[in-house]
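Undergrad: Next up is a structure, given as structure tokens.
In my numbering, the protein residues as written are 641 to 908.
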């Protein structure tokens, strides 16, 4: 990668991280709306890469966006009721679309909304149950996992982790990311547990680091599998040097549900 591309990638990455940290610092509701915006953009990207968009498919796209956004606000009752209504409308709409694959069309919409909207909604729910700063801790662990995997994988990566899906990922990179996460999570538990609002003890934090590493890797691989099946490299070009918003939140879409489940279990 040349210096100019690296500079663009670095600046856009800093802006992306700054938006997330800024919304977390701003408060719960701005963070919730940020998640909703991410969902709307990601749904548009997903539909754009997975099928042809036109005026004929615009109503489907809008319903899928509204459905995903409703799930983002699903920690409240009424948006969840709205999502149920949207799903009914989506299936009724299919009656009036001349398509040879109605089942696939409906399944595509359901997957889009669940794959993108539900994890972002669970992220907001996690912030509501525990603490908004807990989301910051999970984001930091995701970013540290990416950093560790990149540094170690670039330096000594030889053994392919999942060559059929992502030829560049290595086992060395995976364990590098895991090492970064375990160390960081343990330090969070020792020094910053009160700040992040998770009273789960040092071992609980270490477990969270492992969960984040595992599901961050799986989330990235699943999106790579989707893109490989569609024969594309990136979901979009919104973030220069990084691709689309879906490329940036692919790990997040698996990490947040897994973290919510993990924290719920160890808090019982």
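Where a beta carbon is used, it is the ideal one built from N, C-alpha and C, also for glycine.
Just so you know, these numbers come straight off a predicted model, no measurement behind them.
Go ahead and pull the three-state DSSP assignment for residue 649.
TA: Residue mapping note: residue 649 aligns to position 9 of the chain shown, counting from 1. Looking at residue 649 - three-state DSSP - the assignment turns out to be helix.
Undergrad: Can you have a look at residue 897 and say buried or exposed, based on whether 16 or more other CB atoms are within 10 angstroms of its CB?
TA: Locating residue 897 in the chain shown gives position 257, where the first residue counts as 1. The residue in question, residue 897, is buried, as its Cβ has 16 or more Cβ neighbours within 10 Å.
Undergrad: For residue 889, which residues in the same chain have their Cβ closer than 7 angstroms to its Cβ, ignoring the five residues on either side in sequence?
TA: Within the chain shown, numbered from 1, the residue matching residue 889 stands at position 249. Cβ within range, chain order: 678 and 682.
Undergrad: Name, in chain order, the residues that DSSP records as bridge partners for residue 879.
TA: What you label residue 879 is simply residue 239 of the chain shown in a count that begins at 1. Paired residues: 883.
Undergrad: Looking only at its chain, what residues have a beta carbon closer than 7 angstroms to the beta carbon of residue 589, apart from the 5 residues adjacent to it on each side?
TA: Absent from the model: residue 589. The displayed extent of the chain is 641 to 908, so no value can be given.
Undergrad: Excluding sequence positions up to five away, which residues of its chain have a Cβ less than 8 angstroms from the Cβ of residue 805?
TA: For this step, residue 805 is matched to residue 165 along the chain shown. Result list for residue 805: 861, 864, 865 and 868, in chain order.
Undergrad: Look at the Cβ atom of residue 820, then the Cβ atom of residue 787, and state whether they are nearer than 8 angstroms.
TA: Reading the chain shown from its first residue, position 180 is the one you call residue 820. Reading the chain shown from its first residue, position 147 is the one you call residue 787. A contact, by the Cβ cut-off of 8 angstroms.
Undergrad: Taking the alpha carbon of residue 644 as the reference point, which residue from 881, 742 and 852 has its own alpha carbon closest?
TA: Walking along the chain shown from the start, residue 644 turns up at place 4. Nearest C-alpha to residue 644: 881.
Undergrad: Identify the residues that DSSP records as bridge partners of residue 806: which are they?
TA: Here residue 806 is taken as the residue at index 166 of the chain shown, counted from 1. 802.
Undergrad: Please classify residue 725 as buried or exposed, where buried requires at least 16 other C-beta atoms within 10 Å of its C-beta.
TA: Indexing the chain shown from 1 puts residue 725 at position 85. Exposed: under 16 other Cβ atoms inside 10 Å.
Undergrad: Grab me the residues of residue 706's own chain with a C-beta within less than 7 angstroms of its C-beta, minus the 5 sequence neighbours each way, in chain order.
TA: One-based indexing of the chain shown puts residue 706 at position 66. The residues are 726.
Undergrad: Let me check understanding here. Comparing Cα to Cα, which of 850, 817, 875 and 843 lies closest to residue 829?
TA: On the chain shown, residue 829 is found 189 positions in, with the first residue counted as 1. Comparing Cα-Cα distances from residue 829 to each of 850, 817, 875 and 843, the minimum goes to 843.
Undergrad: Note down the Cα distance separating residue 791 from residue 871, rounded to an integer number of angstroms.
TA: Locating residue 791 in the chain shown gives position 151, where the first residue counts as 1. Locating residue 871 in the chain shown gives position 231, where the first residue counts as 1. Approximately 27 angstroms, taken between the alpha carbons.
Undergrad: Could you compute how far the alpha carbon of residue 840 sits from the alpha carbon of residue 824?
TA: Here the question's residue 840 lines up with position 200 in the chain shown. Here the question's residue 824 lines up with position 184 in the chain shown. So the alpha carbons of these two residues sit roughly 15 angstroms apart.
Undergrad: Does the distance from the C-beta atom of residue 795 to that of residue 668 stay below 8 angstroms?
TA: Counting from 1 along the chain shown, the entry for residue 795 is found at position 155. Counting from 1 along the chain shown, the entry for residue 668 is found at position 28. Going by C-beta atoms, residue 795 is not nearer than 8 angstroms to residue 668.
Undergrad: Which value, in whole angstroms, describes the spacing of the CA atoms of residue 758 and residue 708?
TA: If you number the chain shown from 1, residue 758 lands on position 118. If you number the chain shown from 1, residue 708 lands on position 68. Roughly 7 angstroms between the two C-alpha positions.
Undergrad: Kindly list the residues whose CB is nearer than 7 angstroms to the CB of residue 635, restricted to its own chain and excluding five residues on each side of it in sequence; keep chain order.
TA: With the chain covering 641 to 908 only, the question about residue 635 has no answer from this structure.
Undergrad: Tell me the start and end of each unbroken alpha helix (DSSP H) in the region 683–759 that is at least 4 residues and wholly inside, in chain order.
TA: The qualifying runs are 698–712, 717–734 and 742–752.
Undergrad: Just the C-alpha distance for residue 703 and residue 798, rounded to the nearest angstrom, thanks.
TA: Here residue 703 is taken as the residue at index 63 of the chain shown, counted from 1. Here residue 798 is taken as the residue at index 158 of the chain shown, counted from 1. Roughly 45 angstroms between the two C-alpha positions.
Undergrad: Would you say residue 859 and residue 835 are within 8 angstroms of each other, going by their C-beta atoms?
TA: Taking the chain shown and counting its residues from 1, the one referred to as residue 859 is at position 219. Taking the chain shown and counting its residues from 1, the one referred to as residue 835 is at position 195. For residue 859 and residue 835, no; Cβs fall outside 8 angstroms.
Undergrad: Is residue 851 buried or exposed, if buried means 16 or more other CB atoms sit within 10 Å of its CB?
TA: The count along the chain shown starts at 1 and reaches residue 851 at position 211. Answer is buried; the Cβ neighbour count reaches 16.
Undergrad: Which class does residue 821 belong to by DSSP, given the choice of helix, strand or coil?
TA: Numbered from 1 along the chain shown, position 181 holds the residue referred to as residue 821. It is helical.
Undergrad: By a C-beta neighbour count over all protein chains shown, 10 Å radius and 16 as the cutoff for buried, is residue 696 buried or exposed?
TA: For the purposes of this step, residue 696 is taken as the residue at position 56 of the chain shown. With fewer than 16 other Cβ atoms within 10 Å, it is exposed.
Undergrad: Could you give the DSSP three-state label for residue 907: helix, strand or coil?
TA: The residue labelled residue 907 in the question sits at position 267 within the chain shown. Residue 907: helix per DSSP, three-state reduction.
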